[in-house]
Amino acid sequence: MELLEIGALLLVLLAVLLVGGVWIAVALLAVGWVGMQFAGGSIPAGSVLATTTWGNSASWSLAALPLFIWMGEILFRTRLSEEMFRGLSPWLNWLPGRLMHVNVLACGLFGSVSGSSAATCATVAKIALPELKKRGYDDMVSLGSLAGAGTLGILIPPSITMVVYAIAANVSIIQVFLAGFLPGLLVMALYSGYIVVWALLNPDKQPPPEPATTLREKLTQSLDLLPCMFLIVLVFAALMFGWATATECAAWGVLGSFAIAWWSGGLTWTAFEQSIMGTVRVTCMIMLILAGASFMSTSMAYTGLPQALAGWVDSLQLSPFGLIAALTVMYVVLGTALDGISMIVLTTTVVLPMIKLAGFDLVWFGIFLVLVVEMAEVSPPVGFNLFVLQAMSGRDSNTVALAALPFFFLLVAAVAIVTIFPQIVMFLPQLAFPQ
Numbered sequence: 455m456e457l458l459e460i461g462a463l464l465l466v467l468l469a470v471l472l473v474g475g476v477w478i479a480v481a482l483l484a485v486g487w488v489g490m491q492f493a494g495g496s497i498p499a500g501s502v503l504a505t506t507t508w509g510n511s512a513s514w515s516l517a518a519l520p521l522f523i524w525m526g527e528i529l530f531r532t533r534l535s536e537e538m539f540r541g542l543s544p545w546l547n548w549l550p551g552r553l554m555h556v557n558v559l560a561c562g563l564f565g566s567v568s569g570s571s572a573a574t575c576a577t578v579a580k581i582a583l584p585e586l587k588k589r590g591y592d593d594m595v596s597l598g599s600l601a602g603a604g605t606l607g608i609l610i611p612p613s614i615t616m617v618v619y620a621i622a623a624n625v626s627i628i629q630v631f632l633a634g635f636l637p638g639l640l641v642m643a644l645y646s647g648y649i650v651v652w653a654l655l656n657p658d659k660q661p662p663p664e665p666a667t668t669l670r671e672k673l674t675q676s677l678d679l680l681p682c683m684f685l686i687v688l689v690f691a692a693l694m695f696g697w698a699t700a701t702e703c704a705a706w707g708v709l710g711s712f713a714i715a716w717w718s719g720g721l722t723w724t725a726f727e728q729s730i731m732g733t734v735r736v737t738c739m740i741m742l743i744l745a746g747a748s749f750m751s752t753s754m755a756y757t758g759l760p761q762a763l764a765g766w767v768d769s770l771q772l773s774p775f776g777l778i779a780a781l782t783v784m785y786v787v788l789g790t791a792l793d794g795i796s797m798i799v800l801t802t803t804v805v806l807p808m809i810k811l812a813g814f815d816l817v818w819f820g821i822f823l824v825l826v827v828e829m830a831e832v833s834p835p836v837g838f839n840l841f842v843l844q845a846m847s848g849r850d851s852n853t854v855a856l857a858a859l860p861f862f863f864l865l866v867a868a869v870a871i872v873t874i875f876p877q878i879v880m881f882l883p884q885l886a887f888p889q
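According to my numbering, the sequence shown is numbered sequentially starting from 455.
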């Protein structure tokens, strides 16, 4: 049987298992086991399963994963969301769209300490949706901006998705973190720019301006943001200047989040227990998926399929931009059926050889991949942020998806911009780690 035929057979098997409701990790293990049967020779599948899952799980770099998750879980259970809305809103009255910009800034701020798109979207929506509705802001733009800005949780570091990609691609976690900072600001600027344009075109759909406040009042309302801002700056500085590894930064981040929770009065035994249980659940889910993906990746390597597929794509003589366009479409389609982490672990084994052949930097590709995963978060029918907002707002799925559509296209624009101008992604990593 030809290698590409084997690949098609394994892909169909994986699709059947996923559509049948089999756990993603179990489906990956099953496909890996079947793939080993095509490897030829007398390679014991059981031994390969044991060695690859243990070898890929017993990684010092992976220690950062549960720590960053715990950091976000702790802050998720404090009053951080209320403090962000109260602290940011006085500074935005002069902008067209006014308080709707709080959605973007608050998601960017919380995303930098959360690492989770769903947690960012849920936390900010919990306080922003009632406040914006009470003040008379347009529901559709409020929902859409929250759906789009919630994805910043996986783009602005530290990010769980970035850690998973860095492990899968065997690149520096710190460099991937640094690479996500400027694209994160770019996406925030695109979102806020859209809100400004919409507000200028629809002045009748906005409430009257809020009462003016003095500089002293603005500063007083923003004081509660200082501890969180200090924690973010400290984590970034430690990564940027090489003071600590990503795992050490994650540990300091957990300690800092405990301090903020204690300072804000949100550190209770109940919150502590809930943060631990939430961390364990998410970490176990991701680690099981990674174990299944590592076994499937190894079995595919034994068959020689990734190299054959990369060679086939290379034979098509696609331009680098053509390859990126094709991969963007592929990931958007995958995003209608899979979550972001699953997309990464399912595809990196096959896609990375193509990327290397096309001459793209793997750190740059990690940010590209995070951006298209962001698209998946707001793509029906299984965009996680759409589910979150549907539950938070009580609106039907079609309404939420329609509201998020403009922000989906803004993410497409962000992908095009970082592809044409890759230095937006590579500036900070190259500054911190000069060749």
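Where a beta carbon is used, it is the ideal one built from N, C-alpha and C, also for glycine.
Using the beta-carbon count (16 or more within 10 Å), is residue i buried or exposed?
| i | result |
| --- | --- |
| Ala622 | buried |
| Ile778 | buried |
| Ala666 | exposed |
| Glu459 | exposed |
| Gln771 | exposed |
| Glu828 | buried |
| Trp548 | exposed |
| Pro774 | exposed |
| Trp652 | buried |
| Thr532 | buried |
| Met731 | exposed |
| Pro611 | buried |
| Leu673 | exposed |
| Trp818 | buried |
| Gly562 | buried |
| Gly500 | exposed |
| Val473 | exposed |
| Val689 | buried |
| Ile528 | buried |
| Gln410 | An answer regarding residue 410 cannot be provided, because it is not within the stretch 455 to 889 covered by the chain. |
| Phe863 | exposed |
| Gln660 | buried |
| Leu654 | exposed |
| Ala747 | buried |
For residue i and residue j, which I take to be in contact (beta-carbon distance under 8 Å), what is that distance rounded to the nearest angstrom?
| i | j | result |
| --- | --- | --- |
| Ala830 | Gly602 | Actually they do not touch by this definition, with Cβ atoms about 13 Å apart. |
| Val842 | Ala582 | That belief does not hold up - the Cβ atoms of Val842 and Ala582 are roughly 13 Å apart, past 8 Å. |
| Asn839 | Ser571 | 6 Å |
| Leu471 | Ala484 | 6 Å |
| Ile523 | Pro637 | Ile523 to Pro637, Cβ: 22 Å. No contact. |
| Leu465 | Val488 | Their Cβ separation, rounded to whole angstroms, is 11 Å, which puts Leu465 and Val488 out of contact at 8 Å. |
| Thr737 | Pro520 | 4 Å |
| Gly551 | Ser676 | With 8 Å as the limit, Gly551 and Ser676 do not qualify as a contact, their Cβ atoms being about 20 Å apart. |
| Gly794 | Ser833 | Wrong, their Cβ atoms sit about 11 Å apart, outside the cutoff. |
| Ile878 | Val869 | Incorrect: roughly 11 Å between the Cβ atoms, too far for contact. |
| Leu606 | Gly565 | 4 Å |
Per DSSP, what kind of secondary structure is residue i in: helix, strand or coil?
| i | result |
| --- | --- |
| Leu825 | helix |
| Asp658 | helix |
| Pro584 | helix |
| Phe862 | helix |
| Phe492 | coil |
| Asp592 | coil |
| Ala666 | coil |
| Val832 | coil |
| Leu840 | helix |
| Pro550 | coil |
| Thr532 | coil |
| Gly526 | helix |
| Gly848 | coil |
| Gly719 | coil |
| Leu640 | helix |
At what residues does the alpha helix (DSSP H) containing residue i begin and finish?
| i | result |
| --- | --- |
| Ile809 | 794–812 |
| Thr674 | 669–676 |
| Pro774 | 774–788 |
| Met554 | Element bounds for Met554: n/a, residue is neither H nor E. |
| Ala886 | 877–886 |
| Phe695 | Note, Phe695: premise wrong, no alpha helix (DSSP H); not H, not E. |
| Phe726 | 723–757 |
| Ser426 | Residue 426 lies beyond the stretch modelled for the chain, which goes from 455 to 889, so this question has no answer here. |
| Ile608 | Run containing Ile608: none; DSSP gives neither H nor E here. |
| Val476 | Where Val476 is concerned, there is no enclosing alpha helix (DSSP H), given that its DSSP letter is neither H nor E. |
| Ile497 | It is not in any alpha helix (DSSP H) - Ile497 carries neither H nor E in the DSSP assignment. |
| Val395 | Look at the range of the chain in this structure, 455 to 889, and you will see that residue 395 is not part of it. |
Are the C-beta atoms of residue i and some chain B residue less than 9 Å apart?
| i | result |
| --- | --- |
| Trp706 | This model lacks chain B altogether, as it is built from one protein chain only. |
Would you check if there are 3 or more beta carbon pairs closer than 8 Å linking the stretch 584–597 to the stretch 703–711? No, the stretch 584–597 does not touch the stretch 703–711.
Closer than 8 Å is the cut-off here; do at least three beta carbon pairs connect the stretch 695–703 with the stretch 497–505? no
Stretch pair the stretch 548–565 + the stretch 732–746: three plus CB contacts closer than 8 Å: no
Within the chosen definition, does the stretch 613–633 reach the stretch 657–664 through at least 3 CB pairs nearer than 8 Å? no
Within 8 Å, do at least three Cβ pairs link the stretch 628–643 to the stretch 867–887? yes
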